[in-house]
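**Q** Sequential numbering from 1 applies to the sequence shown in full-length UniProt numbering.
All residues carry an ideal CB built from backbone N, CA and C; glycine is no exception.
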Amino acid sequence: MAKEASPCPCDLGDKLEYTGVGREVSVGHIKAYLSLPSVSTDRAIVVIHDIFGWQLPNTRYIADMLACNGFIAICPDFYKGQEPWKPSNNKQEFNDWLKSRDPNNINKEADVVLAYLKQQCNAEKIGVIGFCWGGAAVHHLMLHYSEFRAGVSICGVITLMEDNYSLKKPTFYIFAEKDDIIPLSQVAELEEKLKQQSKADFEVKIYPGQTHGFVHRKKEDINPEDKPYIEEARKDMLSWLSRYV
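Printed below as a string of structure tokens:
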């Protein structure tokens, strides 16, 4: 797949005023946000943040949503203490900023997170979701880690994805019809490559009228016309995870 220059960075969108109900923990050489369900479970989901980092309230809201639906949820700092992107940053410097934050170079972090979930949380069935930058990271992990029973890539930036489509486990790709970061031509090419190479189940779904980051960076109350699609995408995400994890 062509790797033309990414039109990132994306806009932050609607930042939630949300403190979260989980807690921050140390996981090997990185920190993470951990949210636990009200009842004991052996099912866990790794939540991979977007370019705005692991402390973005919107991403923690999704982690808490997963916990409310019966999963252990953990959102690690895949930037390893490096600064996340800030809306005030100079966009001309984005590609240089990205060089030390490669979504295809996260195996060390994935390994310590998997070990933590298994040893500290007694997790036996593990899935992964990711947003934007994290969506590209999900694609990478689903190519290389059979430990993840399922993945959901949400508005994953295709130009950042590894040029390999032999998925190990079921993966769901959520895209927005009017995404100015990810044109539909790239989505069509991704789907065709997956059809040719993937032996694992996969689904690619485009949500009408939506823009980049709609699943976690749009507030339903101030975007009423988008609310049905935000809710549908979140429901689809949970359904995929419940089916395979």
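1. Determine contact between the region 45 to 56 and the region 132 to 142, defined as no fewer than three beta-carbon pairs at a distance below 8 Å.
2. Please work out which residues of its chain come closer than 7 Å, Cβ to Cβ, to Gln210, disregarding the five sequence neighbours upstream and downstream, and give them in chain order.
3. Name, in chain order, the residues that DSSP records as bridge partners for Glu203.
4. Relative to the C-alpha of residue 321, which residue among Ile30, Ile72, Val215, Glu162 is closest?
5. Considering just the uninterrupted stretch of the beta strand (DSSP E) at Tyr33, what are its terminal residues?
6. Quick check: the region 191 to 204 against the region 154 to 170, are there 3 or more CB pairs under 8 Å?
7. Cα separation between Trp240 and Phe131?
8. CB-CB under 7 Å to Gly135, same chain, minus the five flanking residues each way: which ones, in chain order?
9. Am I right that Cys75 and Ala32 are in contact with their C-beta atoms under 8 Å? What's the rounded C-beta distance?
10. Which ranges does the beta strand (DSSP E) cover as unbroken runs of at least 3 residues, wholly within the region 59 to 117, from first to last along the chain?
11. DSSP three-state call for Ser40: helix, strand or coil?
12. Assuming Gly151 is part of the beta strand (DSSP E), what are its boundary residues?
13. First and last residue of the alpha helix (DSSP H) that includes Lys227?
14. Might you give, ordered along the chain, the residues of its own chain that have their beta carbon closer than 8 Å to the beta carbon of Gly70, omitting 5 neighbours on each side?
15. Taking the DSSP output, what are the residues bridged to Trp193?
16. Give the range of the alpha helix (DSSP H) segment to which Val138 is assigned.
17. Under three-state DSSP, which class holds Val157?
**A** Judging by the given coordinates:
1. yes
2. If you number the sequence shown from 1, residue 210 lands on position 210. So the list reads Ala176, Glu177, Lys178, Asp226, Tyr229, once near-sequence residues are dropped.
3. Counted from its first residue, the sequence shown places residue 203 at position 203. Among the bridge pairs identified by DSSP, Glu203 is matched with Phe172.
4. This structure gives no information on residue 321, because the portion of the chain shown stretches from 1 to 245.
5. Counting from one through the sequence shown, the residue named residue 33 turns up at place 33. Per DSSP, Tyr33 belongs to the beta strand (DSSP E) from 30 to 35.
6. yes
7. Position 240 of the sequence shown holds residue 240. Position 131 of the sequence shown holds residue 131. Approximately 16 Å, taken between the alpha carbons.
8. The residue you call residue 135 lines up with position 135 of the sequence shown. So the qualifying residues of the chain are Ser153, Ile154, Cys155, Gly156, Val157.
9. Taking the sequence shown and counting its residues from 1, the one referred to as residue 75 is at position 75. Taking the sequence shown and counting its residues from 1, the one referred to as residue 32 is at position 32. Going by Cβ atoms, the distance from Cys75 to Ala32 rounds to 6 Å, so yes, they are a contact pair.
10. Runs of the beta strand (DSSP E) lying entirely within the region 59 to 117 and spanning at least 3 residues, in chain order: 72 to 76.
11. For the purposes of this step, residue 40 is taken as the residue at position 40 of the sequence shown. In the three-state scheme derived from DSSP, where H, G and I count as helix and E and B as strand, Ser40 is classed as coil.
12. As a working note, residue 151 is residue 151 in the sequence shown. First-last of the beta strand (DSSP E) with Gly151: 148 to 154.
13. In the sequence shown, the residue the question calls residue 227 occupies position 227. Its alpha helix (DSSP H) spans residues 227 to 244.
14. Against the sequence shown, residue 70 aligns to sequence position 70. Annotation for Gly70: Pro37, Val39, Thr41, Arg43 place their beta carbon closer than 8 Å to its own, counting only its chain and skipping 5 residues before and after.
15. Position 193 of the sequence shown holds residue 193. Per the sequence shown, the amino acid found at residue 193 is Lys instead of Trp. Its beta-bridge partners do not exist; DSSP assigns none.
16. The sequence position of residue 138 within the sequence shown is 138, counting from 1. Annotation for Val138: the continuous alpha helix (DSSP H) segment containing it runs 133 to 144.
17. As a working note, residue 157 is residue 157 in the sequence shown. Residue state, collapsed to three classes: coil.
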